[in-house]
Amino acid sequence: MSSWVDDFRRWARLTQPESEPAIGLALGGGFARGIAHLGVLRVFEQHQIPVRMIAGVSAGAMVAAAYASGRTVPEIAAAARSMKFGDVAGWRPSFLGLTGSEPMVAFLRRLLKVYRFEEMRIPLAVVATDLETGQPVIFRDHGDVFLPIRASCSYPGLFQPVRYQDRYLVDGAMSMEVPAPVLRGMGATHVIAVSLPVNGEGFNPRNMLQVVNRCFQILQTRTEHHWRRASSVVIQPDVSGLAWDSFDSAERLIERGEKAALAALPRIRAWLAPSARQAA
């Protein structure tokens, strides 16, 4: 773990950009809607956009870890299409949450090719939130990824917090909706942030979780300037009309991710050296 504040300050002191960009990809949360991240990755692979490091929160942490471990986009997409809520959660109501995240470990063992940060194909960071301090807890560089991902996905109320070193950790999006500042601390010269906002227009809640989820969305819009300041480009796939548990809409989510990535592609390609643009 490291302090993202210290890392961000170190990045801010840099005055000479590298001739070749170190592109970092920051993936936000969204539960099943996080499948849209795969459309972004598919476009980047098709157009040879070199992602040098990756970070994620919540569902974005799961996609980021799978990609960093060496899984291909088609492999991750296949897992997403067959994914069910029971693959990552087990109903176990308690005073701290409705479900436990222990089943997620078995799913991650099948999804990832390697299970430790130091074994990843590209540098990976996973962000959770300390329930006591409200500060982000950043996992990277070494150690197994299972607990960090479980913690990063522990949406308050739905999932029970994850205990780690005498503290309780919850969803990383509670403290950092999109982990763009983390990538700056890891040395990224250019950061692509992928956010999955849901418009509240016409919102008609049908259960308590939808009310809680919408409240968190409102709060996050008040603080999004922090991660936007660290972002070079923001990609926002249109995930409106798709529910938080819409695993059966995987292909639609991937297509929407692709569409948003293609719209941002000209600006991203402009960062690359002439030789790189010709190769792409």
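Counting from 1 along the sequence shown, just add 30 to a position and that's the residue number in the numbering used here. Glycine included, every Cβ here is placed at the ideal spot set by N, Cα and C.
Inter-residue Cα distance where the pair is residue i and residue j
i      : j      : result
Glu132 : Gly120 : 7 angstroms
Val200 : Val242 : 15 angstroms
Lys143 : Phe246 : 33 angstroms
Pro166 : Tyr198 : 12 angstroms
Ala25  : Asp171 : The question about residue 25 has no answer, for the chain in this structure spans 31 to 310.
Glu149 : Ser99  : 8 angstroms
Ala218 : Leu283 : 27 angstroms
Ser205 : Cys183 : 13 angstroms
Asp117 : Met134 : 6 angstroms
Gly58  : Asp196 : 26 angstroms
Ile79  : Leu126 : 42 angstroms
Val269 : Arg244 : 14 angstroms
Ala62  : Ile152 : 24 angstroms
His255 : Pro51  : 23 angstroms
His77  : Ala107 : 18 angstroms
Glu281 : Leu141 : 18 angstroms
Leu302 : Ala294 : 14 angstroms
Gly90  : Pro235 : 25 angstroms
Gln308 : Val81  : At Gln308, the pLDDT of 42 sits below 50, so the modelled position is not reliable and the matter cannot be decided from this model.
Residue from the options whose Cα sits closest to the Cα of residue i
i      : options                           : result
Met113 : Val208, Gly86, Ser279 and Pro211  : Ser279
Ala136 : Thr163, Arg180 and Val167         : Arg180
Leu311 : Val70, Arg151, Ser182 and Pro51   : The structure shown does not extend to residue 311, since the chain is modelled only from 31 through 310, so no value can be given for it.
Pro191 : Ile152, Thr219, Asp174 and Leu161 : Leu161
Arg139 : Asp174, Gly202, Leu272 and Phe125 : Asp174
Ile53  : Val221, Pro267 and Thr129         : Val221
Ser17  : Gly187, Tyr194 and Asp196         : With the chain covering only 31 through 310, there is no way to say anything about residue 17.
Tyr145 : Arg297, Tyr97 and Ile65           : Tyr97
Arg286 : Thr251, Gly64 and Thr163          : Gly64
Ile265 : Gly271, Gly127, Glu281 and Pro296 : Pro296
Phe169 : Gly202, Leu55 and Leu141          : Gly202
Val73  : Pro104, Gly271, Arg193 and Phe115 : Pro104
Leu128 : Ala273, Arg101 and Tyr185         : Tyr185
Assigned secondary structure, residue i (DSSP; H/G/I helix, E/B strand, else coil)
i      : result
Arg197 : strand
Pro296 : helix
Val263 : strand
Ala96  : helix
Ile192 : Per the sequence shown, the amino acid found at residue 192 is Val instead of Ile. Strand.
Leu128 : strand
Leu272 : coil
Thr45  : Residue placement at Thr45 is flagged as unreliable, the pLDDT there being 42, under the threshold of 50; a coordinate-derived value is accordingly withheld.
Arg146 : strand
Segment limits, alpha helix (DSSP H) that includes residue i
i      : result
Ser124 : Taken as a continuous stretch (DSSP letters only), Ser124 belongs to no alpha helix (DSSP H), being part of the beta strand (DSSP E) at Gly120 to Ser124.
Gly187 : From DSSP, Gly187 is part of no alpha helix (DSSP H) but of the beta strand (DSSP E) over Gly187 to Phe189.
His220 : That residue, His220, is in no alpha helix (DSSP H); its beta strand (DSSP E) goes His220 to Val224.
Ile179 : Phe176 to Ser182
Leu68  : Ala66 to Gln76
Span of the beta strand (DSSP E) around residue i
i      : result
Ile168 : Pro166 to Arg170
Ala158 : Leu154 to Asp160
Met134 : First-last for Met134: Pro133 to Leu141, but that is the alpha helix (DSSP H), not the beta strand (DSSP E).
Arg82  : Val81 to Val87
Cutoff 8 angstroms: residue i Cβ touching any chain B Cβ
i     : result
Val70 : Structure shown: chain B not included; a single protein chain is present.
Review point. Are the segment 208-226 and the segment 260-276 touching by the rule of at least three beta carbon pairs closer than 8 angstroms?
Key: Touching, per the Cβ criterion.
Check your understanding: Three or more beta-carbon pairs under 8 angstroms between the segment 275-292 and the segment 65-79, yes or no?
Key -> Under the 8 angstroms Cβ criterion, the segment 275-292 counts as touching the segment 65-79, having at least three qualifying pairs.
Check your understanding: For the segment 156-175 against the segment 77-96, are there 3 or more C-beta pairs whose distance is under 8 angstroms?
Key -> The segment 156-175 vs the segment 77-96: in contact.
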